[in-house]
Every structure is written in C-alpha cells, then in structure tokens.
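Heads up, the thing below is written out as structure tokens.
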Amino acid sequence: MSGEVRGTESLVEKPQTLAALRGEIASGRVKAAELAASYYERIERKNPRLNVYLSLTKERAFAQAERIDDLAAKGDPLPPLAGIPVGIKDVLVMRGAPSTAGSRILQGYQPPYDATAVSRLEAAGAVLLGKLNCDEFAMGSSNENSAFGPVRNPVDPERVPGGSSGGSAAAVAANLAVATLGTDTGGSIRQPASFCGVVGVLPTYGRVSRFGLIAFASSLDRVGPFAANVRDAATLLGVIAGHDPKDATSSRAPIEDYAAESDTPVEGLRIGVPEEYFAEGLDPEVRAALEKGIDALRAAGCTIQPASLPHTQYAVPTYYLIATAEASANLARFDGVRYGYRSPHSATLSDMYSHSRDEGFGAEVKRRILLGTYALSAGYYDAYYLKAQQVRRVLAEEFQRAFAQVDAIVTPTSPGPAFKLGEKTDDPLAMYLADIYTVTASLAGICGVTVPSGATAAGLPVGMQVLARPLHEGAAFRVARAVEAAQI
Ligand code: GLN
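Just so you know, we're using numbering that gives the first Met the number 0 here: the sequence shown kicks off at 0 and counts up by one.
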C-alpha cells in the first residue's frame with residue numbers, strides 16, 4: 000500500500016546500498032528516525048562484544064533524522080546522504096560529544112566545534128550515530144593501543160580488526176553503520192578495511208580538510224570514508240572532499256564526480272603491478288587471492304604491466320621517522336592544562352605536566368614521542384629527520400615516474416590477513432614492518448582505495464590496494480569497482 004511505513008529490521012539485518020536506503024527514505028516507506036533507532040538497537044546488542052563505539056550521539060542523530068523525515072514528508076528534495084546512519088572515528092571532533100582519540104589523556108574533553116568532514120556529512124543529510132574506537136592518537140595497526148580496549152574483528156572475533164581506524168572498519172563490516180569516517184596516516188584506513196572485508200579510501204593529501212582532526216603527523220594525516228561497497232565510498236568522498244578555508248593545506252582543485260567515475264568501465268586502463276610488492280614476506284594465500292583480482296581486471300579489458308618502485312624497502316624506516324617526529328611536536332599540547340586529564344598527584348606545575356602525560360598517555364604513544372624527540376634533537380636531525388625527508392622525495396618521484404606509464408597501480412594492502420588479538424603486541428617492530436605496503440602512498444601523497452579481493456581458506460578477507468596519481472581518486476574507484484564486480 001502506498002504511504003505505508005516499512006519495518007526497518009529487514010533493512011538493518013540485511014545491509015542495503017546507500018542509494019537503496021536513501022530511496023526508501025525519500026519515498027517515505029522508511030522513516031530516518033526509525034532507521035536510526037534500529038541501528039542503535041543493533042549497536043546495543045553487538046557493541047558489548049565488538050567494542051566498536053566509544054560513545055553514542057543519540058540526541059543529535061534523532062534531531063537530524065526528524066529533520067530529514069520532515070523534508071521527505073513535505074516532498075522537498077533530499078540531500079545526497081539523507082537519513083544515512085554514519086559513524087565517526089574518535090579522532091575527529093564533534094561539538095559537545097566526547098572526543099578521546101582513544102586516549103585517557105582526552106577523557107572528559109568535549110570540543111566546542113565540529114570537524115569539517117563531520118559538518119559536511121551532516122549538511123548532506125547523514126545521521127551521525129556516534130564515535131568509533133581507534134588506536135590511541137591513531138598510532139597502531141591493530142586497535143590494541145586504544146585506552147578503551149581493543150575492537151574485535153566481526154569476521155572472526157578472536158582477531159584484530161586492524162588499525163588504527165579499527166572501529167570504523169568493524170562498524171561497517173558488522174553493519175553498525177552504513178558508512179564511517181576514519182583517518183589514514185600510514186595505512187589506518189586501508190589496512191583495517193582490508194582486514195574486515197570492506198572498502199576504504201585514502202584520498203589525496205589535501206583533498207579532504209583536516210580541520211577538527213586531532214593531529215598525529217600533520218604532513219601525512221588524511222580523512223577518508225569506509226563503506227560496504229565502492230560506490231557508497233565514492234559517494235561519501237564526494238561529500239567530504241573540497242577546499243576548506245580552515246585548512247591551509249586543503250586543495251582547491253576541482254572535485255571529480257566519484258560515483259560516476261566508479262560506474263565507468265575499466266576497459267583500456269593500464270594497470271601497473273610492482274614486483275617489489277609481491278616479493279618475500281607476502282602471505283601465499285594473500286598473493287593467490289590478489290592474482291585472481293588481477294586476472295579479473297585483465298578479463299575486464301585492462302592491460303596489466305610491470306611497474307618498478309625500487310625504493311619501497313626504505314619506506315617503513317622513513318615513515319616511522321617522519322611520523323614520530325611530527326607526533327612528538329603535535330602531542331606537546333597535551334599538558335594537563337588545556338584539555339582532558341590532569342594528574343591529581345602533583346605538588347608543582349612541572350610535576351603536573353609530567354604526571355599528567357605519564358598517567359594520560361599509553362605505552363605506544365610514549366614510545367613514539369621518545370623516538371620522534373630523538374630524531375629531531377640537535378646532532379641527529381640531519382642524520383635522521385632530514386635524510387627521511389630526502390627519501391620521502393625519492394619515493395614520491397618514483398611513483399610519479401611509474402604513473403607516467405600506467406593509470407593505476409595495484410598491490411596487496413597488507414602482507415597478511417587479520418592476525419589474532421595479542422599475537423604481535425610484544426613486538427612493535429614486527430607491527431611496524433607490516434605497514435610496508437601502505438606507508439609508501441602516504442609518504443608520496445598519492446591516493447588509493449582498498450577493495451576486497453577474495454579471502455583465505457579460513458575465510459579471512461584479503462584487500463587489494465589500488466593506487467592512483469594525486470587527485471585522480473576516480474581512477475582508483477573505477478579499478479576497485481571492477482574488482483568488486485568480479486566477486487572473487
Ligand atoms: N600503522 C601505522 C602507525 O602505526 C599507521 C597509523 C595511521 O595511519 N594512523 O603509525
């Protein structure tokens with residue numbers, strides 16, 4: 000019967016595409032407020048085990064949902080994300096909501112403003128459900144560095160979801176949000192997306208405003224979307240991308256129509272496969288799954304050709320010098336005075352600074368502050384930080400040369416599938432080394448998408464990383480869509 004409101008359980012139990020959901024809301028068959036309530040009900044059931052959400056923003060979500068329902072009732076045109084339930088990584092600030100960055104030191108901090116990516120989502124009609132768990136200050140690859148406990152991978156709860164945006168990836172995988180925002184400094188969107196079997200986007204540096212992002216390493220930090228499919232991720236990027244006067248590094252370049260790009264066939268595209276990314280250390284099952292993805296691209300009419308990125312092996316040390324150096328400077332602001340936690344155990348001001356930082360920061364964050372401070376100190380600066388900047392330039396030029404021959408480059412997103420909780424926590428170096436395939440694109444400033452490309456025999460998802468030249472996200476979406484369509 001026309002005008003009848005449809006039950007939302009079926010929509011939540013069986014995930015729908017963004018376009019389908021929006022259509023239901025526009026027609027009035029589904030109320031945005033009921034959809035939000037169904038998501039919250041599902042979160043209540045699943046979150047105690049998965050630990051995906053750190054806090055919920057129900058009041059704001061329902062106010063927005065009711066606005067959307069009013070618009071729909073009046074027959075007014077609806078914005079592109081009307082009524083779509085979205086979750087936000089807890090390193091992006093939301094007015095009046097707890098924003099912890101996964102750290103005890105920010106416990107109790109309630110920012111008075113919204114991050115630009117957050118306000119753009121809301122202006123486009125999204126219903127913001129809450130804040131998502133992550134590694135402390137986005138430092139990590141497993142979400143085990145969160146002060147509020149690890150996230151579990153919905154595919155196998157004994158395994159990590161990846162990190163640092165583990166909550167953002169797991170929320171989409173468990174359908175506790177239709178889409179989410181995360182951040183990626185050295186792989187933190189791409190690697191968890193690949194571990195959880197969802198799509199994650201690394202936009203070009205400067206494509207999405209960093210205003211309102213609690214900084215880790217400012218020359219590397221990027222904000223990007225997660226979604227269950229390529230087209231939804233492309234739609235979200237279209238909403239959050241663009242120049243922002245509040246972020247001086249944000250680009251003024253025109254924005255492609257990402258959703259339309261993702262609908263464009265790949266026939267005739269040249270795809271580079273760099274041998275350095277398929278060498279020693281790659282799990283054989285991951286390699287096999289990716290080879291099927293590459294075969295699918297060939298079958299869809301792409302030309303597959305070798306690419307050469309010979310300095311790849313220097314990327315991990317380069318990244319961990321630059322990222323820690325910038326982190327040591329960025330994290331100096333957490334001093335117990337302005338935000339969050341202040342140690343009660345201090346007699347003097349200087350005690351208060353050091354006790355607040357000692358009690359507020361976790362072990363990995365302290366390790367990085369120490370490493371970064373060392374790399375920047377007089378006498379070591381030239382040997383470490385300056386050298387790392389030079390290698391960074393070499394890596395960027397190497398990609399530029401490679402992209403003169405090809406439209407996109409495909410690689411593994413991570414050398415292995417999701418590992419077990421606790422498996423790598425005693426060995427930070429092993430954890431760092433596994434970032435090998437993601438940190439290069441971060442240093443080079445290029446963009447990319449990770450898309451599921453099959454699974455291991457045990458059913459663990461494998462991600463293919465599709466890289467494209469700066470500001471050519473559209474090409475990455477096209478290639479990712481073709482891999483998705485092949486249903487490997
Ligand atoms: N795993 C990397 C690190 O620990 C990347 C983190 C990120 O991208 N925020 O630094």
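We put the beta carbon where it would ideally sit given N, CA and C, even for glycine.
Computed from a predicted structure; not experimentally measured.
Taking its Cβ as the centre, do 16 or more other Cβ atoms sit within 10 Å of residue i, making it buried, or is it exposed?
{"i": "T449", "result": "buried"}
{"i": "L385", "result": "exposed"}
{"i": "S376", "result": "exposed"}
{"i": "L428", "result": "exposed"}
{"i": "A349", "result": "It should be pointed out that residue 349 corresponds to Ser in this sequence rather than to Ala. S349 should be labelled exposed."}
{"i": "L369", "result": "exposed"}
{"i": "G2", "result": "Low local confidence applies: a pLDDT of 44 at G2 is under 50, so the model's placement there is unreliable, and no value is given."}
{"i": "S441", "result": "buried"}
{"i": "H471", "result": "buried"}
{"i": "D406", "result": "buried"}
{"i": "E325", "result": "buried"}
{"i": "Y276", "result": "buried"}
{"i": "Y379", "result": "exposed"}
In three-state DSSP terms, what is residue i?
{"i": "K130", "result": "strand"}
{"i": "D294", "result": "helix"}
{"i": "K45", "result": "helix"}
{"i": "F155", "result": "As written in the sequence, residue 155 is Asp, which differs from the Phe given in the question. In this structure, D155 counts as strand in the three-state DSSP scheme."}
{"i": "S54", "result": "strand"}
{"i": "G86", "result": "strand"}
{"i": "L178", "result": "Note on identity: in this sequence residue 178 is Ala, with Leu being the wrong assignment. The answer is strand: DSSP assigns A178 an E or B state."}
{"i": "G2", "result": "For G2, the predicted model reports a pLDDT of 44, less than 50, meaning its position is unreliable; a value from the coordinates is still stated below. Reduced to three states, the DSSP call for G2 is coil."}
{"i": "A19", "result": "helix"}
{"i": "V207", "result": "strand"}
{"i": "L91", "result": "strand"}
{"i": "Y108", "result": "coil"}
{"i": "Q486", "result": "coil"}
{"i": "A489", "result": "The question about residue 489 has no answer, for the chain in this structure spans 0 to 487."}
{"i": "P191", "result": "helix"}
{"i": "V285", "result": "helix"}
{"i": "A100", "result": "coil"}
{"i": "Y352", "result": "helix"}
{"i": "E121", "result": "helix"}
{"i": "T115", "result": "helix"}
{"i": "F277", "result": "helix"}
{"i": "T347", "result": "coil"}
{"i": "A474", "result": "helix"}
{"i": "V265", "result": "coil"}
{"i": "A252", "result": "coil"}
{"i": "G166", "result": "helix"}
{"i": "S140", "result": "coil"}
Can you check DSSP and say which residues form a bridge with residue i?
{"i": "T449", "result": "G199 and Q464"}
{"i": "G271", "result": "Q304 and I408"}
{"i": "A454", "result": "P460"}
{"i": "D183", "result": "R221"}
{"i": "A240", "result": "V207"}
{"i": "L212", "result": "L91"}
{"i": "A226", "result": "A178 and V198"}
Taking 8 Å as the threshold (beta carbon to beta carbon), is residue i in contact with chain D?
{"i": "N46", "result": "Given the protein chain composition of this structure (a single chain), no chain D is represented."}
Which runs of the beta strand (DSSP E) at least 3 residues long sit entirely within the segment 391-441? Give them in chain order. 407-411
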